[in-house]
């Protein structure tokens, strides 16, 4: 794959990160999308506009699928998937856990992923078949092998007040694992699992732009990905179980308890 794809994606992610850092302590507009808990800020929109502008400048024939603007459906073997600000609720409250996520698909397969955390200036990157990196250094998952010593992470959908699908899973994992976190950014949760900060991550009701970059980074780092029912991972399925590989079957057993 051309190095140019990665260079442009990194430049776009860092440009969005500069917008996020510059505006974090300033007043910005906050709106909702459908549900009162599903926020969007004008910073999301500015970041997305900047990313799309850079991608169109360098790759005018590529298709783009962005969280706020949707999909342009250009006839191209290449499609960019963009989450301009993953962790909007955190950002709106000044909680410094958020990022930009950019991925590239070629004929339906994710071949490039970039996740940038501007607060910690951590850049996660991966290209299919070439490994995964944090600020240019190779990363790998943890070697934790038992669930009772594992640090896990999850997230809840925006409609959690109506659908309590994950609450029983959360309770079971809290009682079985060493600890469970909820940080509010699926892209960072995947990256943190890829480099060993977390040992496992599960979540439901996710969109392709939430998963695309982080899933490639985790798989290239040597982690394991499936759906929460154990079936093959798919961006369109909306749910994910991502682990270091060692605790995967143990987590699957708990996730399947709900279905018995």
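Residue numbers (the working numbering): 1112 to 1371. We put the beta carbon where it would ideally sit given N, CA and C, even for glycine.
Closest in alpha carbon position to residue 1135, among 1226, 1165, 1198 and 1282, is 1198. In this structure, residue 1216 and residue 1195 do not form a Cβ contact; the two beta carbons are roughly 17 Å apart against a cut-off of 8 Å.
Uninterrupted alpha helix (DSSP H) stretches at least 4 residues long and entirely within the segment 1241-1323 occur at 1278-1287 and 1297-1305, given in chain order. The beta carbons of residue 1306 and residue 1290 sit about 18 Å from each other, so the pair does not count as a contact at 8 Å.
Taking C-beta separations shorter than 7 Å and ignoring five residues to either side along the sequence, the partners of residue 1309 in its chain run 1262, 1263, 1264, 1300 and 1303, following chain order.
A Cβ-Cβ distance of about 10 Å is found for the pair residue 1359 and residue 1313, leaving them out of contact under the 8 Å criterion.
Our two residues, residue 1296 and residue 1186, have alpha carbons roughly 31 Å apart in a direct line. One alpha carbon belongs to residue 1246, the other to residue 1119, and they sit about 16 Å apart. The segment 1158-1166 makes no contact with the segment 1233-1249: fewer than 3 CB pairs, one atom from each, lie closer than 8 Å. For residue 1118, the uninterrupted alpha helix (DSSP H) run begins and ends at 1114-1134, by DSSP.
CA-to-CA, the gap between residue 1206 and residue 1323 works out to about 24 Å. CA-CA distance, residue 1353 to residue 1362, rounds to 10 Å. A residue is called buried once 16 or more other Cβ atoms fall within 10 Å of its Cβ, and residue 1152 is buried on that count.
The closest CA to that of residue 1365, considering only 1234, 1175, 1277 and 1343, is found on 1277. Non-local C-beta neighbours of residue 1350 in its own chain, meaning closer than 6 Å and more than five positions away in sequence, comprise 1315, 1338 and 1339, ordered along the chain. Listed as beta-bridge partners of residue 1210 by DSSP are 1197.
Shown here for residue 1348: same chain residues with a beta carbon closer than 7 Å to its own, the five before and five after excluded, namely 1338 in chain order. Contact annotation: residue 1355 and residue 1200 have beta-carbon atoms that are not nearer than 8 Å.
Shown here, residue 1161 sits in a helix according to DSSP, grouped into three states. Excluding its 5 nearest sequence neighbours in each direction, residue 1169 has C-beta neighbours in its own chain below 6 Å: 1119, listed in chain order.
In the structure shown, the three-state DSSP call for residue 1238 is strand.
Taking residue 1208 as the centre and dropping the five residues before and after it, the same chain places the C-beta of 1198, 1201, 1294, 1295, 1296 and 1299 closer than 7 Å to its C-beta, in chain order. The Cβ-Cβ distance between residue 1235 and residue 1130 does not fall below 8 Å.
Relative to the Cα of residue 1341, the nearest Cα in the group 1227, 1367 and 1125 belongs to 1367.
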